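Remarks on the structure that follows.
There are 2 protein chains.
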Amino acid sequence: MYQCSLERMTDKITTFSQFGDAGHGGITRYTLSPEDVLARNEFIKRMEAIGAIIEIDDVANVYATLAGSDANAKRIVMGSHSDSVKNGGNYDGILGVLSAMEVLEAVAEQNIPHKHPLTAMIWTNEEGSLYPPAMMVSGVVCYDYLPQDVKGKFKLEDMLQSKSVLDKQTTFGQALDASGFKGEVAKRLSPDNYQCMFEIHIEQGPILEDAGKDIGVVDCVLGMFNYRLRFYGQTVHAGTFPMPKRRDALYAASQAICYLHDEIDKLGYADLVYTTGEIECHPNVHTCVPDEVDFCIDVRHESAEVLAKVLAVVKSCADKTWVGCDCQVDKMWNRDTVYWDESLVGFVKSAAEETGVSHQMVHSGAGHDAQFVAYMMPTTMIFVQSKDGLSHCELEYSSPEQCTAGATVLLNAVLKADAQ
Amino acid sequence: MYQCSLERMTDKITTFSQFGDAGHGGITRYTLSPEDVLARNEFIKRMEAIGAIIEIDDVANVYATLAGSDANAKRIVMGSHSDSVKNGGNYDGILGVLSAMEVLEAVAEQNIPHKHPLTAMIWTNEEGSLYPPAMMVSGVVCYDYLPQDVKGKFKLEDMLQSKSVLDKQTTFGQALDASGFKGEVAKRLSPDNYQCMFEIHIEQGPILEDAGKDIGVVDCVLGMFNYRLRFYGQTVHAGTFPMPKRRDALYAASQAICYLHDEIDKLGYADLVYTTGEIECHPNVHTCVPDEVDFCIDVRHESAEVLAKVLAVVKSCADKTWVGCDCQVDKMWNRDTVYWDESLVGFVKSAAEETGVSHQMVHSGAGHDAQFVAYMMPTTMIFVQSKDGLSHCELEYSSPEQCTAGATVLLNAVLKADAQ
Chain Z
1 MYQCSLERMT DKITTFSQFG DAGHGGITRY TLSPEDVLAR NEFIKRMEAI GAIIEIDDVA
61 NVYATLAGSD ANAKRIVMGS HSDSVKNGGN YDGILGVLSA MEVLEAVAEQ NIPHKHPLTA
121 MIWTNEEGSL YPPAMMVSGV VCYDYLPQDV KGKFKLEDML QSKSVLDKQT TFGQALDASG
181 FKGEVAKRLS PDNYQCMFEI HIEQGPILED AGKDIGVVDC VLGMFNYRLR FYGQTVHAGT
241 FPMPKRRDAL YAASQAICYL HDEIDKLGYA DLVYTTGEIE CHPNVHTCVP DEVDFCIDVR
301 HESAEVLAKV LAVVKSCADK TWVGCDCQVD KMWNRDTVYW DESLVGFVKS AAEETGVSHQ
361 MVHSGAGHDA QFVAYMMPTT MIFVQSKDGL SHCELEYSSP EQCTAGATVL LNAVLKADAQ
Chain Y
1 MYQCSLERMT DKITTFSQFG DAGHGGITRY TLSPEDVLAR NEFIKRMEAI GAIIEIDDVA
61 NVYATLAGSD ANAKRIVMGS HSDSVKNGGN YDGILGVLSA MEVLEAVAEQ NIPHKHPLTA
121 MIWTNEEGSL YPPAMMVSGV VCYDYLPQDV KGKFKLEDML QSKSVLDKQT TFGQALDASG
181 FKGEVAKRLS PDNYQCMFEI HIEQGPILED AGKDIGVVDC VLGMFNYRLR FYGQTVHAGT
241 FPMPKRRDAL YAASQAICYL HDEIDKLGYA DLVYTTGEIE CHPNVHTCVP DEVDFCIDVR
301 HESAEVLAKV LAVVKSCADK TWVGCDCQVD KMWNRDTVYW DESLVGFVKS AAEETGVSHQ
361 MVHSGAGHDA QFVAYMMPTT MIFVQSKDGL SHCELEYSSP EQCTAGATVL LNAVLKADAQ
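As they're listed, the protein sequences go chains Z and Y.
Reminder that position 195 of the first sequence reads as 195 in UniProt numbering, one-by-one numbering, no gaps.
Reminder that position 418 of the second sequence reads as 418 in UniProt numbering, one-by-one numbering, no gaps.
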């Protein structure tokens, strides 16, 4: 069993936390932003320092590869994304990059023998916080292998036109051109050159912490759907229009959010999660009754049957009138549960057992780049405990010891895959 | 009795509807925007054409004055604002300007004798849509006369620093400097030079239409308060965080909106109006449970006692925990009911009777520049019927006949004030 370095891992966490530091303990590091470019350059500098070869594909993914003893063997890749949400933390995404770097650094420092080339990778624009959608670039790279109904969302030409949510003008394509990170399409991750992929990520939930485990051996990514509920009323003046004649779209939407909680909770699935995280209100002026309000609902569960029952509740909103407002229910996207490669999951489990890291099996509720990669090659994930289960916020935290334990499990799991 | 001209009024409505035409039958004409400058220049051009003297004060209010027979008499002013909300209509505000112009044009054309100088006026930034707050400039001009608790909101130095809600950078002061409409402080409306003020406005409610009356003789502006309710929860990931541990600020706010409707309606005041028109959700991302949501509630009624009872309901929200979220209730502003000058109201009523215009007494639910002016000189308002009671939207409509009837009532009421 090989060990990763706590000191080196701590240094990487500290260093990368500076790139996009928003002054409150977390970062805002939109994809391909100047802050992201700093992180990418630091990755390249450190990987070149241990003799890795750097390659960049046409959608700005960066690959750092250490040669193995078999020149004909396919590469084993480890990686995650370097971008964050607005006011995110220092671990979501980047921990997978730092862990992959740590594995290569440990291999180089300890001269660990391996047959396959080992690659550490940065994925571009997983969050989709500046240029939607989320998991944009893994969607593009894995496009040919994705299920038909997922595919439609990730056409390269559409993705290049995705507009900045900030200035509503700059496209992802323009950001790509300006970044200096637009490489060659031939360099993309593909089953022709790569054997399998591992991704380390923070758990983003409280299950490992509640169970007192440092590491999660992940078996699947939960199926989910995302629908948008739109309510149509009438704008009238706040001071002059009698209450009984009003059609207030925000009151309608508020009633619907309460209705969804009531009805979905009645179904009684303890392990179901659903979220109304985003709302838009028009015209959103204190002196106007709102005429259009819409919000999204995101629902996740392993079982397709459970998801179907919840979907029926969501769709039932369109059959009702809400304080005089019509409701329209639109599908945004969905995905089936994606199970990780059994033998890779086994390698992670054995590595955790053999290195004495406390662990348990978990599902992933969040989506990750790895889930798209799973359609084209054997793939798996490792979770590191998240303090208080928090993520996508400045309070995100995993201890240096837990992060190093994750990297150690990854290193040994990768070596098992290498020896296969 | 004198009559205004349907043809001339129709032409003004059509012409001014072009300045800010947003392509759907209405306008977006933010204060001091290029579109607003077009409207102001047209006003000046037409008023100079009938021999009016143009003056501009330091906060861009424009005054066009026709001399009267008594060189020492104070002026009688009529006016309203030229700015609109985003995607507003062709009547809110500007109708009061066009009516004032029409009165001067009728006086000039028909050589109507009058003792006092008569002034048509454009008020700057009534809506506060680009540079909050609403009624900014009447607040500044009437500052010395306002009640102590209203005053605080309208300090000139603060108003000049009010930032554009669009670019979050440009201040009202910068917009003023750039507009070419920054005149002299000495030109401001003041009781030293002005006798009284009349403002015509669309009703913005359905009461006159339901009653089959063209004109409302307004007796007061309803008292109101505006409070902000803020809900504090915790951002966690939509896919990974178990439901029972969540503190979802949007669910909390939705419950509170429903609670407010339930509890306020129980009080049973048929003529009470209240509105939750604006909501902000943070971080407002579909994969995050919201941690901070706040909305405002605007409540209006003539009776201070009724308002106090509703306020108690609003404040009670802070005593509860909403699905694990704390609630904070903050006062934004309030105002007491403002009654118009009795003798001016009498002139309007007599003018409507004598000219045979169908009319009834009404309250104003909306705030208007006139209500601040009422603290410094006798003031009153005239309402013109609004189709379907709609305002602050592109569907705003009052017929040319109704608008002309409003101007005719104004003309004759002004002449009564002139003869006083």
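Don't be surprised by glycine CBs; every beta carbon is placed ideally from N, CA and C.
Please read all numbers here as calculations on a predicted model, not as lab measurements.
The beta carbon of Ile94/Z does not come within 8 Å of any beta carbon belonging to chain Y, so the residue lies off that interface.
Phe198/Y sits away from Val362/Y, with the two beta carbons spaced by 8 Å or more.
Annotation: Cβ neighbours of Cys258/Z in chain Y (cutoff 7 Å, chain order): Ser254, Gln255, Cys258. DSSP links Asn226/Y through a beta bridge to Asp298/Y, Trp333/Y. Collapsing the DSSP output to three states places Ser343/Z in a helix.
Counting the other Cβ atoms within 10 Å of the Cβ of Gly216/Z gives 16 or more, which makes it buried. If the five residues before and after Leu344/Y are omitted, its C-beta is found closer than 8 Å to the C-beta atoms of Cys196, Phe198, Pro378, Thr379, Thr380, Ala413, Ala417, all from its own chain and listed in chain order. When beta bridges are read from the DSSP output, Phe231/Y appears opposite Val293/Y, Cys327/Y.
Contact between the stretch 41-59 of chain Y and the stretch 182-193 of chain Y is present, with at least three C-beta pairs closer than 8 Å. Comparing C-alpha distances from Ile279/Z to each of Ser350/Z, Ile122/Z, His114/Z, Ala249/Z shows the shortest one belongs to Ala249/Z.
For Ser254/Y, the secondary structure class from DSSP, reduced to helix, strand or coil, is helix. Note that the C-beta distance between Leu156/Z and Val77/Z is not below 8 Å. Proximity of Gly223/Y to chain Z, defined by a Cβ-Cβ separation below 8 Å, is not satisfied. For His24/Y, there are no C-beta contacts with chain Z under 8 Å, since the nearest C-beta of that chain is about 13 Å from it. Just so you know, the alpha carbons of Phe43/Y and Asn61/Y end up roughly 12 Å apart.
Looking at the DSSP output, Ile53/Z bridges to Thr65/Z. Runs of the beta strand (DSSP E) lying entirely within the stretch 190-229 of chain Z, each at least 3 residues long, are 194-202, 215-221 in chain order.
Residue Asp36/Z holds the alpha-carbon nearest to the alpha-carbon of Thr15/Z among Gln3/Z, Asp36/Z, Met1/Z, Tyr2/Z. Look at Arg300/Z: its C-beta is under 8 Å from a C-beta on chain Y.
Cβ proximity to chain Z below 8 Å picks out Val236, His237, Ala238, Gly239, Thr240, Phe241, Pro242, Met243, Lys245, Asp248, Leu250 from the stretch 236-250 of chain Y. With fewer than 16 other beta carbons inside 10 angstroms of its own, Ile53/Y counts as exposed. The beta-carbon of Thr321/Z is placed no less than 8 Å from the nearest beta-carbon of chain Y.
Residue pairing from DSSP places Cys281/Y in a beta bridge opposite Val293/Y. At least one beta carbon of chain Z lies nearer than 8 Å to the beta carbon of Cys296/Y.
Distance from the CA atom of Lys387/Y to the CA atom of Glu396/Y, rounded to whole angstroms, is 7 Å. For the stretch 378-399 of chain Z, residues whose beta-carbon sits nearer than 7 Å to a beta-carbon of chain Y comprise Gly389, Leu390, Ser391, His392, Cys393. Contact annotation: Val289/Y and Ala253/Y have beta-carbon atoms that are not nearer than 8 Å. Residue-level contact by beta carbon holds for Val285/Z and chain Y, with a gap shorter than 8 Å.
Under the DSSP assignment, Arg75/Z falls in the beta strand (DSSP E) whose first and last residues are 75-81. Around Lys86/Z, the beta-carbon contacts reaching into chain Y at under 9 Å are Pro283, Val285. Taking 8 Å as the threshold, the shortest C-beta distance from His81/Y to chain Z does not fall below it. Here the stretch 73-88 of chain Z lies against the stretch 114-129 of chain Z, with 3 or more beta-carbon pairs under 8 Å apart. Rounded to whole angstroms, the gap between the alpha carbons of Ile94/Y and Ala106/Y is 18 Å. Glu109/Z places its beta carbon 8 Å or farther from that of Met9/Z. Among the CB atoms of chain Y, one or more fall inside 8 Å of the CB of His261/Z. Gln204/Z reaches chain Y at His237, Thr240, counting residues in chain order whose Cβ is nearer than 7 Å.
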